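These notes concern the structure reproduced below.
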Ligand code: ACO
């Protein structure tokens, strides 16, 4: 096929909302955008293991510990599916890991906030995984095949994560006044950062228009944020939790909830690396990577046909 024919084929696949596959021709900028988004997404899953991993050794019961262990392990799996999807675009795993550790690629702002009580495990499941689901279900229909297929499995697991968080919070809200206070305090800290997960407002989102035209993103940041608020307010009412936003109110004419403006300067600072836990998260990840060097060496030697201990 000629250059113009392959380009026309690409445009036609995108226009009919079908999938581009790894061996198909694609514009360089489309490939770069995918590598950027999928890598950031993978890094978020890997760094996202830390805030909750913090509580594994202090879970209040064996049941809660088993649930939390399984959940954190799922996040590692999500990171690996996504690194594999990014690798189909011609980047290596080593390069991606290096880009995370040297700060060349980003990861989600939300994982730079500390987890101060066990209620945070429930709040992260309910709000953070709830926001992740809102953002990621449309990505099951993204235009790049390997990314969309990874997202289908990830979303199924995320919905378990969201439900375990809701169930944990429901249990605590039926508990003592101290437990109820713990939940409210946790939600007060995580509400606004959860809204920021969807990214800057549409008018300040430099990538959205192009990514939506290519079918990489299916919805804008603000549309997904609104969807999340609409979904979450009735759940907060059912839990008996007060969301910390005095502007939150049903708007009958829009048929959506109105809500206040997140602190966009705070989001910019966290993305820049100046959030409460950015340095700690990367330092921990770097140490874990160094500590795991012998495992990578052993696996490489084994794959090359050597014996362990050679
Ligand atoms: N945290 C960190 N960086 C962010 C965030 C955030 N919450 N929101 C936006 N950014 C970054 C973007 O990556 C972009 O940076 P870059 O151009 O230097 O790479 C910049 O801010 C401007 O934002 P947008 O133009 O809106 O960027 P984009 O179109 O990529 O939209 C979004 C951002 C919505 C996060 C998109 O990339 C996406 O949907 N990604 C897939 C989902 C994902 O990564 N989720 C991770 C958290 S969920 C979880 O792991 C449980």
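In the numbering used here, the protein residues as written are 1 to 310. Even glycine gets a Cβ: it sits at the ideal position worked out from N, Cα and C. Just so we're clear, the structure is a prediction, and the values are computed from it rather than from any experiment.
Could you tell me which of the options sits nearest to residue i, measuring between CA atoms?
{"i": "residue 76", "options": "48, 67, 56", "result": "48"}
{"i": "residue 151", "options": "26, 164, 133, 166", "result": "133"}
{"i": "residue 74", "options": "97, 59, 50", "result": "50"}
{"i": "residue 25", "options": "36, 279, 2, 39", "result": "2"}
{"i": "residue 335", "options": "189, 127, 117", "result": "As displayed, the chain neither begins before 1 nor continues past 310, which places residue 335 out of reach and without an answer."}
{"i": "residue 260", "options": "295, 252, 61, 201", "result": "201"}
{"i": "residue 221", "options": "250, 139, 283, 69", "result": "139"}
{"i": "residue 211", "options": "46, 17, 82, 34", "result": "34"}
{"i": "residue 278", "options": "78, 101, 32", "result": "101"}
{"i": "residue 230", "options": "13, 131, 36, 214", "result": "131"}
{"i": "residue 36", "options": "62, 91, 247", "result": "91"}
{"i": "residue 209", "options": "94, 274, 30, 8", "result": "30"}
{"i": "residue 226", "options": "236, 254, 32", "result": "254"}
{"i": "residue 290", "options": "97, 263, 271", "result": "97"}
{"i": "residue 162", "options": "67, 176, 272, 252", "result": "67"}
{"i": "residue 23", "options": "125, 145, 116", "result": "145"}
{"i": "residue 32", "options": "14, 7, 89", "result": "89"}
{"i": "residue 192", "options": "4, 245, 180, 46", "result": "245"}
Please find out if some non-hydrogen atom of the ligand ACO comes closer than 7 Å to the beta-carbon of residue i.
{"i": "residue 194", "result": "no"}
{"i": "residue 207", "result": "yes"}
{"i": "residue 36", "result": "yes"}
{"i": "residue 221", "result": "yes"}
{"i": "residue 188", "result": "no"}
{"i": "residue 271", "result": "yes"}
{"i": "residue 40", "result": "yes"}
{"i": "residue 95", "result": "no"}
{"i": "residue 132", "result": "yes"}
{"i": "residue 184", "result": "no"}
{"i": "residue 139", "result": "yes"}
{"i": "residue 198", "result": "yes"}
Spatial neighbours of residue i within its chain, please: CB distance less than 6 Å, with the 5 preceding and 5 following residues excluded, ordered by chain position.
{"i": "residue 142", "result": "148, 216"}
{"i": "residue 44", "result": "107, 108"}
{"i": "residue 270", "result": "109, 112"}
Closer than 7 Å by C-beta to residue i: which residues in its own chain qualify, once you throw out the five before and the five after it? Chain order, please.
{"i": "residue 276", "result": "112, 113, 114"}
{"i": "residue 313", "result": "One cannot answer for residue 313 here, as it falls past the ends of the chain, which runs 1 to 310."}
To the nearest angstrom, report how far apart residue i and residue j are at their CA atoms.
{"i": "residue 311", "j": "residue 65", "result": "There is simply no residue 311 to check, as the chain begins at 1 and stops at 310 in what is shown."}
{"i": "residue 303", "j": "residue 219", "result": "42 Å"}
{"i": "residue 238", "j": "residue 292", "result": "44 Å"}
{"i": "residue 243", "j": "residue 165", "result": "16 Å"}
{"i": "residue 84", "j": "residue 178", "result": "44 Å"}
{"i": "residue 160", "j": "residue 118", "result": "18 Å"}
{"i": "residue 203", "j": "residue 154", "result": "29 Å"}
{"i": "residue 295", "j": "residue 267", "result": "36 Å"}
What span of residues does the beta strand (DSSP E) with residue i cover, start to end?
{"i": "residue 161", "result": "Careful: residue 161 lies outside any beta strand (DSSP E), inside the alpha helix (DSSP H) at 145 to 173."}
{"i": "residue 249", "result": "249 to 251"}
{"i": "residue 17", "result": "That residue, residue 17, is in no beta strand (DSSP E); it is neither H nor E in DSSP."}
{"i": "residue 230", "result": "That residue, residue 230, is in no beta strand (DSSP E); its alpha helix (DSSP H) goes 221 to 239."}
{"i": "residue 258", "result": "256 to 258"}
Please go through the same chain and pick out, in chain order, the residues whose beta-carbon is closer than 8 Å to the beta-carbon of residue i, but skip the five residues on each side of it.
{"i": "residue 241", "result": "169, 173, 183, 184, 187"}
{"i": "residue 197", "result": "108, 109, 110, 128, 131, 132, 135"}
{"i": "residue 180", "result": "172, 173, 240"}
In terms of residues, what are the limits of the alpha helix (DSSP H) holding residue i?
{"i": "residue 30", "result": "28 to 47"}
{"i": "residue 94", "result": "93 to 101"}
{"i": "residue 81", "result": "62 to 87"}
{"i": "residue 184", "result": "177 to 196"}
{"i": "residue 295", "result": "293 to 303"}
{"i": "residue 266", "result": "264 to 272"}
{"i": "residue 105", "result": "Taken as a continuous stretch (DSSP letters only), residue 105 belongs to no alpha helix (DSSP H), as it is neither H nor E."}
{"i": "residue 121", "result": "119 to 123"}
{"i": "residue 132", "result": "129 to 136"}
{"i": "residue 213", "result": "208 to 213"}
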